[in-house]
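Going by this note's numbering, the first residue of the sequence shown is number 455, and it counts up by one from there. Where a beta carbon is used, it is the ideal one built from N, C-alpha and C, also for glycine. Nothing here was measured: the structure is a model prediction, and the numbers come from that model.
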Amino acid sequence: MASVIREIIVEAPPEKVWDVVGDFANGPPRFAPGMLVDCRVDEAGVRTITFADGTAARERLIARDEQARRIVWAWVADEVVHDNTSMQVFAQGEAQSRLVWIHDTLPDELTGWLATAMDRLAPVFQRTFNNGDEPGSLGSEEQVG
455 MASVIREIIV
465 EAPPEKVWDV
475 VGDFANGPPR
485 FAPGMLVDCR
495 VDEAGVRTIT
505 FADGTAARER
515 LIARDEQARR
525 IVWAWVADEV
535 VHDNTSMQVF
545 AQGEAQSRLV
555 WIHDTLPDEL
565 TGWLATAMDR
575 LAPVFQRTFN
585 NGDEPGSLGS
595 EEQVG
């Protein structure tokens, strides 16, 4: 199993970041507006997130810890043997947060693709929180390429 780990510093207090990151049903389009355009949770608790290019991913909620500000989910796909993703929000000084994003997956060959995707999303997260507006208020016209 291989892991991809990213740490992202944002200019927002941890409560504000957790309000978005910890929202399994509605968080993705809020923390990556313009890149993640839709999120729907079915009756089985599996969410489908839709990217701006029309591709979609299905993810199952594994755990959510309000006190630790940590959420864990698994990617649900035929080509995936094992998947576990977590995001955890920590205070970083007085007005910043550190978002730790870990993605463990099998087969190992998926890690290159996942690292690229995470690297593309990280600056979107930063812009979302660093702009000082409510996350998700960036217009849907903003695209990341």
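Residue state for MET455 is assigned as coil, using DSSP reduced to three classes.
For ARG501, the enclosing beta strand (DSSP E) starts and ends at 500 to 505.
Residue pairing by DSSP places ALA510 opposite THR504 in a beta bridge. In the displayed model, ALA528 falls within a strand according to three-state DSSP. CA-CA distance, LEU490 to ILE525, rounds to 18 Å. Distance from VAL495 to MET541 at the Cβ level is roughly 17 Å; contact not present, criterion being Cβ atoms closer than 8 Å. DSSP, reduced to helix, strand and coil, places ALA517 within a strand of the structure shown.
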